[in-house]
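Below is one structure, written out as structure tokens; the observations come after it.
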Amino acid sequence: MLEHKHLIIRADVVRPPRGVEATLAWFTALVGKIGMKLVDLPNNPNCFYMDTPGNRGLTCVGIIETSHIALHAWDEDEPGMVQLDVYSCKDFDPEDVLDHLAEFEPTRVVYKHLDREHGLVELVPALA
Numbered sequence: 002m003l004e005h006k007h008l009i010i011r012a013d014v015v016r017p018p019r020g021v022e023a024t025l026a027w028f029t030a031l032v033g034k035i036g037m038k039l040v041d042l043p044n045n046p047n048c049f050y051m052d053t054p055g056n057r058g059l060t061c062v063g064i065i066e067t068s069h070i071a072l073h074a075w076d077e078d079e080p081g082m083v084q085l086d087v088y089s090c091k092d093f094d095p096e097d098v099l100d101h102l103a104e105f106e107p108t109r110v111v112y113k114h115l116d117r118e119h120g121l122v123e124l125v126p127a128l129a
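Counting in our numbering, the sequence shown runs from 2 upward without gaps.
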């Protein structure tokens, strides 16, 4: 059955991702952990580190067979910040995604889990 699930996460973290290769490995492991598959495209997923003062950090995007995953991370401030967006037409467990963030040592996580099939129905209340 076709789903329209969207998980949006904002996390303050002690250890924000900094290295492109390590972040690509983390990202690819997340895709498998939630039962998704990356589309076979060149450079998918793709990660880029922006070294611009005031906006220094990583952006990673991956096209999955059922939609997309995007990660943005800023490492200049303490704590660092991670924003993660998982949209899928296949159901997944948001707890698996939240557990996968543990590597970054989150100190605060807020998220919304939405069902977008017929609107924007919140499935899990935002936690602070």
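Glycine included, C-beta positions come from ideal geometry on N, C-alpha and C.
Item                                                                                                                                       : Value
Does DSSP classify residue 34 as helix, strand or coil?                                                                                    : helix
Just to confirm, are residue 17 and residue 83 a CB contact at a threshold of 8 Å?                                                         : yes
Would you tell me roughly how many angstroms separate the C-alpha atoms of residue 129 and residue 109, rounded to the nearest one?        : Low per-residue confidence applies at residue 129: pLDDT is 49, beneath 50, and the placement is therefore not dependable enough to give any value.
Do residue 107 and residue 23 count as a contact pair if the criterion is CB distance below 8 Å?                                           : no
Do you know whose CA, among 98, 91, 99, 49, lies nearest residue 117's CA?                                                                 : 91
Residues bridged to residue 47 by DSSP?                                                                                                    : 62
Within 10 Å of its beta-carbon, does residue 6 have 16 or more other beta-carbons around it, so buried, or fewer, so exposed?              : buried
Once you ignore the five residues that flank residue 60 on each side, which residues in its own chain have a CB closer than 6 Å to its CB? : 49, 73
In or out: residue 114 buried (at least 16 other Cβ within 10 Å) or exposed?                                                               : buried
What is the rounded straight-line gap between the Cα of residue 65 and the Cα of residue 8?                                                : 15 Å
So is residue 20 buried or exposed if we call it buried at 16+ other beta carbons inside 10 Å?                                             : exposed
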